[in-house]
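Following the working numbering, the numbering of the sequence shown begins with 157 at its first residue and continues without gaps.
No residue lacks a Cβ here, since even glycine has one placed at the ideal position from N, Cα and C.
To start, the structure under review is shown below, and the notes come after it.
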Amino acid sequence: MKGIIEAINAESMKSEVPAFNVGDTVKVGYRIIEGNKE
């Protein structure tokens, strides 16, 4: 089971992550689904 989850995560992760430092502003996109509301 753990191998399947790792394979799915590897497919969805970006291969190149931009460099950032302490104090930088980053924008995070995350969709929260609660019940049938988004």
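For residue 189, there are no CB contacts under 6 Å within the same chain when 5 residues up- and downstream are skipped. When DSSP states are grouped into helix, strand and coil, residue 167 belongs to the helix group. When the alpha-carbon of residue 186 is set against those of 194, 162 and 175, the nearest one is in 194.
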